[in-house]
Structure formats: C-alpha cells, structure tokens
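Residue numbers (the working numbering), protein chains in the order written: chain A, 405 to 761; chain B, 405 to 761; chain C, 405 to 761; chain D, 405 to 761.
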C-alpha cells in the first residue's frame, strides 16, 4: 500500500482535473465521422437543446452552447444589458474577482455588494438601489441593469428558493435582469440542502447557464433563456465575442450525453456524496470549516502540521492564511472522485508524512 | 451502389464537418483519468509546446493554446498592438468580413486594402503607408500598427516566400507587427505550390497560429511568438478575452498528437491530394475555376444544371452568383476526405439527378 | 496696400480659424456671474433647447448639447445602436476616416460604401443590404444597424430631399437608424442648391446634430432626436463617453444666441455668399474644381505655379496631388470670412509672389 | 436689504456655478479674430504650455489641453496603461463613483481601496498589492497598472508631501503609474494645510492635470507628463476618445490667462479664504463638520431646522442623511465667491425663514 502513496498524488485542487465522463468520449468516438454543419447548427446540438428544454419544462426556452465560464459571463452580460449598463455582483463573485476584467473589457462596470459566505443579500441589494436612486447624482453613476449571482457560489454555498425569489423581486422592481452563473449548477442542485430544482432555476431568473466544464464535460456551458427571449442576433454576438465554436458538435454531443437518462444530475449527486464523505474526514478530526458548504467545495481550516502531512501526497488549494497561522484550504470533489481517493486522504491524514519531515 | 447514393449525402461545405482525427480521440480516452492542473498548466500542454518549438526550430518561442480562430485573432491583435492601434487586412480577410466585428469589439479599426485572390500586395501596402504618412491629417486617423494576413487565404491561395518577405520588410520599415492567421496553415504548407515551411513562417512574422480546428482537431489554435516575445501578462489577456480553456489538457493533448511523428503535415498533405483529385473532376469536364487554388478549398464555377445534378446528393457552399447566371461554389477537402467520396462526386456529376427533375 | 500683404496671412484652411461670433462673446460676458446649475441643467440650455424645438417645428424633440463632432458621432452611435451593431458610411465619411477610430473604440464596425463626391447612393445601399442578407453567412458578419451621412458632406456636397428620402426608406425597410452628421449643417442649408430646410432634416432622419463649432460657436453640437425618442439614460451615456460639459451654460448660451433671430442661418448664408465669390475668383481664371461644391468648402485644382503665388500670403489645405502634378486644394469660407479677404486673395493671385521667387 | 434676499438665491452647490474669470473673457474677445490653426496647434496653446512648463520648472514636460475631467481621466488612463490594465482608486474616487463607468467603457477595471476621508492609505495599498501577488490566482485577476488619486480629494482633503511620496514609492515598487486628478488642484495647493507646491506635484507623479473648469475657466484641464514621456501618439488617442477640441485656442487662451502673473494660484487662494470665512460661520454656531476640510468644499452637518432657514435663499448640496435625522451638506466656494455672499449666508442663518414657515 505505502508504495502506492509514493507514486500517486491525489488532487482535490479543483473540479476539472480530469477529462470527461466516459459516456461523452464514447459518443464523440461513435459520431466522429458523421458529417454535420458547423457553428452549432448540427443535429446533435439541436437534440441537446430539446433535451434541456424538456428537462426544465420550458418548450419555449432558447438554448445556446458556449465553451467556458468567463466567456459565457462576459458574452451574456454584454448581450443582455445596454452598453452603458452595470452589473451588480457579490464582491466574491467570479466576474468581480477572477475573470481578469473580462466584463469591463466589453465596457460594463461590476458594482459589488458585500458577500455573505459568497451570497448576495436581497435586502442589502434593495437598500443599495433605494439609496442609489435617492442620490440626485445617480445619472452620473454607472447604471445598474443586471444582478449576477452564482449558484452554487464561489464558496460552495447555495441560495434557497426564498432567497432567489426575493432577489428576483428586487430585479423586477428595479427593471434589472437576473442572471445566474451555473458553472457548478449540478453540484448545487444535487446538494441535500437545495430546495430548488432545475425547473425552479429556470422560473426564477431571466437567463442562466448549466455548467458542463466542471460537471463531466471537456468544456461547454449551456446558456438558457427560459422565456425564449434571447437577445436579438445573439448568434452574431456570440461570434463577436469569439465564443462561437466552429465544431459546435463537440458541445452538442456533450450536452446530449449529459442530459440523456439524467446523467448530469446523477454524476452531480455522486460528487456531493463524495464531498460529504470528505467533510466527514475533517469533521471526525475536529477540523473546523471556514464555511459550512453543502456542495462539492469544502473549506477546512488546517494547521501547518496538518498541511505538512499531505505534502507531496495530496493536492488542494490554499485560499487564505489566517492571523493565527492556520490556513483556509479548499478541497473539491467532482463527478469522477472515487471513494477510494477519499479513503486514501483519510489514511494520509492519519500518518506522519516522511516527505515533509 | 446506387442505393448508397440515396442514403448518403456527401458534404464538401467546409473543413470541419467531422470530429477529430482518431489518434486524438484515442489519446483523449487514454489520458482521461490522469489528474492534471487546469488552464494550460498541464504536462500535455507543456509537451505539445515543446514539440511545436522543436518543429519550428525555435527553442525560444512562446506558445499558447486558444480554442478558436476568431477568438485567437481578436485576442492576439488586442494583446500585441496598443489600444488605439489599427490592423491592416485584405478586404477579404477573415477579420474584415466574417468575425462579426470581433476586432472592433476590443476597440481596433480594421483598415482594408484590395484583395488579389485573397492576398494583400506588399507594394500596395507600402504605397498605402506612404500616402498615409504624407497626409498631414494622419494623426486624426486610426494608427496602423499591424498587418494581418491569412495563410492560406480565405480564397485558398498562398503567399510565396518572396511575398511574405516583402510584407515583412514593409512592416519593419513602418514599425508594424506582422501577424499570420494560420487557421488552415497545414493545408497551405502541404500545397505543392508552397515554397515555405513551418520554420519559414516562424522566421517571417512576429506572431502566427497553427490552426487545429480545421486540420484534424476538435478545436484549438496554437499561437506562436517565434522570438519568445509574447506580450507581458498574455495569460491574463487570454483570460480577459474569455479565451482561456479551463481544461487546457483538451488543447494540449490534441496538439501533442498532431505534432507527434509529423501527423499535422501528413494529414494536411492528404487533404491536398484529395483537393487535386477534386480539381481534376471539374477540370476534366471543362468546368472553370473562379480562383486557381493550390490548397484544400476549390472554387468551381457551376451552371444551374450542374448544381442541380448534385441537389440532395452532395453539399457545398455557394459563394456568389455571376451576372451570367452561373455560380461560384466552394468545395473543401480536409484531413478526413476519402478518395471514395471524390469518386462518388465524380459519379454524381455524370448522371442526371432524379431528385432535381 | 502692399505692406499689408506682407504683414497679414489670410487663412482659408478651415472653418474654425477664428473664435466665436461676437454676439456669443457678448452674451457670455453679460451672463457671466449669473449662478446656474451645471451639466446642462441651466436655464440658458433650457431656453436654447426650446428655440431649437421651435425652429424645427417639433415640440416633442429631445435636444442635447455636446462639445465636438467626433465626440458627438461616437456617443450618438454607441447610444442608438446595440453594442454589436455596425454603422454604414460613405468611405469618405468623417467617422470612417478622420476620427482616429473613435467609433471602433466603443466597439462598432464602420462598414463603408463607395463615395460619390462624398455622398452615399441609396441604390447602392439597398443593393449592399440585399446582398448582405442573401449571404447565408450574414450572422457571422457585423450587423448593420445604422446609416451615417454628413450634410453637407466632407466634400462640400449636399443631398437633395429626394436622396434623403430614399436613404430614409432603405433604413426603414432594413430596420436601421438614420443619423445625419450636421457639423456644417448651416452651410448646407444655406446653399442655393439646397432643397431642404432644417424642418425637413428633422423629418427625414432619426437623429441629427446642428454643428456649432464650425458655424460661429467656440464649440458645441446640438444633438436632436426629432421624435423625442432619445435613448434611455442618454445623460448617463453622454457622461460615460466623457462628453458631458460641467459648465453646460457655455453650450446653452451659444446655441441660445445662434437660434435667436435666425442668427445661425444668417451667418451660414454669409459664408455661402463668400464661397460663391471665392469660386468666382478661380472660375474667372479658368481654374477647374475637383468637385463642384455648392457650400463653404471649395476644391480648386491648382498648378504648382498658382500655389507658389500664394506662398506666405494665404493659407489653404492640400488634399491630394494629381498624377499630372497639379494639386487638389481646399479653401474654406466661414461665418466670419470678409469680402475684403476674398478680394485680397484675388489680388494675390494676380501678382507674382516675391516670396516664392 | 430684505428685498434683495427675496430676489437673489445664492448658490454654494458647486465650484462651477458661474462662467469664467473676467480676464479670460477679455482675452477671448481680444483675440477673437486672430486666425490660428485648430486642434491645439495654435500659438496661444503653445504659449500656455510654455507657461505651465515654466511654472512647474520642467522644461521637458509634455502638456496637453482637454475639455473636462471625466474625459481627461478616461483618456489618460486608457493611454498610459495597457488595455488589460486596471487602475486602483479610493472607493470615493471620482472615477470609481461619478463617471458613469467611463473608465470601464475603454475596458479598464477600477479596483477600489477603502477611503479615509477621501484619501487612499499607502500602507493599505502596499498591503493590497502584497496580498495580490501572493495569491497564486493573480494572473486570473485584472492586473493593477496604475494608482489614481485626486488632489484635493472629493471630500476636500489633501495629501501631505510625505503621503504622496509613500504612494509614489509603492507605485515604483510595483511598476505602476501614479496619476493625480487635479480637477480642483488650485484649491488644494492654496490650502494653508498644503505642504506641496505645483513643482512638488510634478515631481511626485507620472502624470497629473491642472483643473481649469472648477478654477476660473469655462472649461479645460491641462494634462502634464512632467518627464516628457507622454504616450506615443497621444494626440491620436485624444482624438479617438472624442476629447480633441477643434478650436483648441479656447483652451490655450484660458490657460495662458490663468498662468500669467500667477492668476491661477491667486484666485485659488481667494476661494480658500472664502472657505475659511464660510467655515467660521458654521463653527461660530457650534455646527459640526462631517470632514475637517482645508479646501474649498465644506461639509457642515445641519439639522432640518437649519436647512429650512436657508430654503429658497441659499443653495447647497445634500450629501447624506444621518441616522439621527441631520444632514451632511456640502457648501463650495470658488474663485468668484464674494465676501458679501458669505455675509449674506451668515445673515440668513440668523433669521427665521418666512419661506419655510
């Protein structure tokens, strides 16, 4: 057994350390020589769109496939709001922090509100907007036209149905669009804490996307306008943003696979089971969590010694150093985490690591 | 035999009608569960970069993998020239016509010069610049900082080494960057008319890319700065443009495959052989060509009757209707065109099509 | 007399060589210490807007004051069309040539059509659009959402009412906005060739502006949406584009002055009279014109010898050198050109210039 | 006397309620018919630049005249840093709050740090940058390339020489540009609390501007690159941003006037004297201040009753309502505030206002 630990480095750094779900690779291989048109006008993409529309119970929905998350965020935001419009996000939101200013590149300011474990508070949002419009100088400020949240958030937390409804109500009252970044949507929906379904998500926002990259695909995000009101010329906008994949089949085939026989939710649930198991390993040792995450990202607070025990054996991310010298870390599970990997981590934490001696 | 023609519709519409070269799919499957970091920092990508550097004989080169052509064009242009800079292209250039204004989206004007069968003339370029700087009002005009060409061009033609050298000289004289869009680079290099190699391309420009999407990959373009002078923070710029693939392995593995044992050029040569064979079919019938293309795109001028003969049997693109009622069409071969498909086309052109009767 | 010619250099280089109409300076001085709010919310601006609405006979019109032409063009275009939209202009149009890519800076492609003495042909525009939408690849191209013309054009020519109506009809048929750049509007309307009034202009387009900078003001352009349908939050858009003048009174007072007692048209007519007189000087000597301009810009074709005669005595612009060695030049008159200046030019052309000997 | 108060409403709402210093209007009138080239290439502008270079003791400095503050901020930022660059500002900074997202319009993120009475703390800036570069994910974030401060700040406060030096040191250590927005520069330099001169400002930053609009001009901001290292093609960039005034003489003449015989500082000192007098009126009544401002903006905290006393008599801005029901207000003095106006305000605060009864 020990030899194995020397050879293998298990990685929990993110939810895209591996390739794709085998069913996807199989279907790619099987369909490889079928000739289809490019740019998403292929039959695979059409079928994938139909499957998504059926799953969310919205036959009128418009569905588009883009390649990655940052690209999808900046394309959707630029398409949905006017060029002078600003978007409001939690200050921990992906668009506010980790997209190298992609939203600003197309001219839009990201206005930030305080994050509460990754979430935006609807009351604070309303209060911000009240204050905004009370200020006589508001026409001199960037105009808020959209609210952006991620589900689950960058901290693994999820919004309840009530919270989403409140955010939606504020958006309606202030004539703003409500956009949900679902890069990890499956992991949010599969959480035992979730009280919303994919149908609910579709009913509660103006536009959202179903993340493929982090949930079993090689790449791909499915943008959904539930009411079928995609911006005019959205195809052109996607192209303009460099987000139109020539071989759209690659995206169509993947989402076709993920939305056949409930695969998307099935593998999401698996990731959550693995996350619960992972959580148990830390909890059983009395290791506290920075955030009580109900999804596939876990944030245990480790001591230097505990981290050393994993040195050279297991990979994870360090998020922050606390004033007391401990570290906030992030461990991710995914659709392809195996129970055995969690067990190995458990074993590693039990022994002193010779590598760090 | 005849039954087959009823079932199968052969497509020559573009060079991305199929998936990927089987060797790519195999390697994707084989490496699927190997855990690697994201964002192109994986070992596959590192290896692919090494292979490309070796192939072009430039150990100092910087190599980056992006997903698609339009994305690569707009990201590279925005990264290499200042925000106020303009780029000069032939008026048939991809960035000038078929990218929905992606270059303009990041603020850059595309200045167009007349196309000569898809190519820019170095003499005309020099003349344009002379006139530009002679005009006292030039500081009121968009400032030309880059020349963009595609090799091969959108019309299938290729530049000779002498022509590329002349363009390079003009760029040097006017302190402009020289950028070669190689979305179909393999098909250009494999052309019997080509007098340049991949090494020459690397020596003759400031930045170019090796197209994967159209030459055997599912997606992917390899951007090369031959002298290793990639713009500072180019990684951040790629991310900002929504062009950073989370699972960079998908690109690394593909280019690793394409640049192992000369596969890229081998499959490119095959496409060219098929194109020659295709050309023969038209030539043998006395069908003229709109452009004498030495690469994988062929532009026969067909009569309505000749087009009808293929109705429902073979797909191709219509580029333009001529005043005399005939049509300029485009037939593409690719890495996976089979000789049999060409033969079938030959057969189809020999018989009257009952479908169009 | 001769001594005077040594001392004075008369300039015909442009229509903004001097300051402002004295009535403007007087009113600025008289109102100088009246305290008013900033940002165009002052009573002078309100009054100026009222005067413009009355002059065009459109009480419902929205009027905004911006500072300069390029700024106005890029702000209006970005405000009126979606971020992905392109604007069609003659290839000699100001936005296409002499604005350093300002329109592209906010993301919009400028599509150019051939210029006919500075004008766009409605038939060619329609034909371009027909071809555009016939091309199956149009969603991959920048989407035309606006037509931009200048009245008078950069070559001094003007559109007839019939021509404007035809352009408007094409815009309506293809759901595009029709925008008229009136940087020299007064000089167009005052031309004897003009068959349109300011009211007609207002009726024939979606948005236009009345140029102040070139017609008697220190600066300032009055943007008019005749139907009162200014883009939502246009004030914010103006600010976002850096085009909101803090002391809006400066613009309000100037347009108030120009639109009191018909001053704007009166001084425009004076410039045209001077232009006719100027034209006569060249015509009487058999000097041909590059373009037969009915407005304040004249384009005589001069020999080297004729140009030498003016060396050091009179200033004008050189537009182009003809293959036969002669030069296309531009002489502008303006609201403040004096008959005596024209007479001096006449005299200068009669004598051999010792300065160039 | 009483009648006068009924007629006149004194405004302290901002420092641009009036026109221009009379010396400016006089010089505009006197030079009105002198013919000069446009676009800032006139002799007045040349002379104004010389005067500014002399005043700051930097013969090598590059000077440019733009029209307004927001325009200057967005043009300078976009010119000086690369397109992917972000700018760091205090969260109360003008570019962060009151420019409608103008900086983002040209693609740049504004990163905010906490404001301390309008000022950025050099220690916090350094700490932010240390943390930024310690985070392994920084290449995924917008890259900080500039620090922006205003002098005086939006809250009337000013930086000491030591504070500016520290900010400069951080910028140098992290290879960032240091940009000072001097929209109210004169009022900062004239403050008795100031320990810097205009020469010091020039020595302590990479680029700054001398505000004209708020300090006696009709419009105009003088951008100074003290070391003469203006961005290449800055003229073109100004034009591209719609910030090039055709009749540049308007700016040249104004700055020529302001920098002749020390007028700029003289009128700034007057404004500060008036501000001290204004401060005294509030202080003598025991009215507290929200911020202890040493410049021309004063922020007394008034009760509803105190505000009512001024209703219909004196204008000022309301900045915020405090939880206890009182209001933070802003009263500005300027180059043209008269002692009598302050006395009137004093009188108004002494009597019960019949208008608000």
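The beta carbon of each residue, even a glycine, is placed where N, CA and C say it ideally should be.
Only a predicted model underlies this, so the values are computations on that prediction, with no experimental measurement involved.
Query: Beta-bridge pairing of residue 612 of chain B - partner residues as DSSP gives them; Result: B:584, B:628
Query: Residue from A:648, A:722, A:665 with nearest C-alpha to residue 471 of chain B; Result: A:648
Query: Chain B contact for residue 504 of chain C (CB, 8 Å cutoff); Result: yes
Query: Neighbouring residues, chain D, relative to residue 425 of chain B (Cβ below 7 Å); Result: None at all; the shortest Cβ gap to chain D is about 32 Å.
Query: Residue 754 of chain C burial status per 10 Å Cβ neighbour count (16 or more: buried); Result: exposed
Query: Interface residues of the region 623-651 of chain D facing chain B [CB-CB below 7 Å]; Result: 637, 639, 640, 641, 643, 644
Query: Nearest neighbour of residue 609 of chain B, chosen from B:644, B:594, B:601, B:572 [CA to CA]; Result: B:572
Query: Touch test, the region 463-478 of chain A against the region 514-527 of chain D, Cβ-Cβ under 8 Å, three pairs minimum; Result: no
Query: Residue of C:710, C:629, C:622 minimising C-alpha distance to residue 456 of chain C; Result: C:629
Query: Proximal residues of chain B, C-beta to C-beta of residue 588 of chain A below 8 Å; Result: Neighbours of residue 588 of chain A on chain B: none; closest Cβ ~12 Å, over 8 Å.
Query: CB of residue 592 of chain D within 8 Å of CB of residue 659 of chain D, strictly; Result: no
Query: Interface flag, residue 482 of chain D vs chain B, CB-CB below 8 Å; Result: yes
Query: Through-space distance from residue 718 of chain A to residue 405 of chain A, alpha-carbon basis; Result: Residue placement at residue 405 of chain A is poorly supported in this model, since its pLDDT is 33, which falls under 50; the coordinates are not used for a value here.
Query: Residue ranges of each beta strand (DSSP E) within the region 628-714 of chain A, 3 or longer; Result: none
Query: Nearest-angstrom Cα separation, counted from residue 452 of chain B out to residue 410 of chain A; Result: Below a pLDDT of 50, predicted positions are generally treated as unreliable, and residue 410 of chain A, at 41, falls in that range; no measurement from the model is reported.
Query: Residue 515 of chain C - DSSP class collapsed to helix/strand/coil; Result: strand
Query: Same chain only: Cβ atoms within 6 Å of residue 513 of chain D, ignoring 5 sequence neighbours per side; Result: 490, 546
Query: In DSSP terms, what residue 734 of chain C is bridged to; Result: C:721
Query: DSSP beta-bridge partners of residue 492 of chain D; Result: D:515, D:551
Query: Exposure of residue 634 of chain A, with buried meaning 16 or more beta-carbon neighbours within 10 Å; Result: buried
Query: Buried versus exposed call for residue 557 of chain C [16 or more other C-beta atoms within 10 Å across all chains shown]; Result: buried
Query: Buried or exposed (CB count within 10 angstroms, at least 16 for buried), residue 596 of chain C; Result: exposed
Query: Any 3 or more C-beta pairs closer than 8 Å across the region 569-586 of chain A and the region 521-535 of chain A; Result: yes
Query: Cross-chain neighbours of residue 572 of chain A in chain D, by beta carbon under 7 Å; Result: The contacting residues do not exist; residue 572 of chain A stays about 25 Å from chain D at best.
Query: Contact list for the region 440-460 of chain D against chain C, Cβ threshold 8 Å; Result: 440, 441, 442
Query: Cβ of residue 415 of chain B within 8 Å of any chain A Cβ; Result: yes
Query: Buried or exposed (CB count within 10 angstroms, at least 16 for buried), residue 503 of chain A; Result: buried
Query: C-beta atoms of residue 667 of chain D and residue 427 of chain D nearer than 8 Å; Result: yes
Query: Helix, strand or coil at residue 408 of chain C according to DSSP, with G and I counted as helix; Result: At residue 408 of chain C, the pLDDT of 39 sits below 50, so the modelled position is not reliable; the number obtained from the coordinates is stated separately. Residue 408 of chain C: helix per DSSP, three-state reduction.
Query: Interface residues of the region 508-530 of chain B facing chain C [CB-CB below 7 Å]; Result: 508, 509, 511, 512, 513
Query: Contact set for residue 460 of chain C: own chain, Cβ-Cβ below 6 Å, skip 5 residues either direction; Result: 602, 603, 606
Query: Proximity test, Cβ basis, 8 Å: residue 543 of chain B and chain D; Result: yes
Query: Within-8 Å CB hit, residue 422 of chain C to chain D; Result: yes
Query: Cα-Cα separation, residue 619 of chain D to residue 700 of chain D; Result: 11 Å
Query: Cβ shell of residue 686 of chain D (< 6 Å), same chain only, five flanking positions each side left out; Result: 704
Query: Expected contact under 8 Å - CB spacing of residue 485 of chain C and residue 581 of chain C to nearest Å; Result: 6 Å
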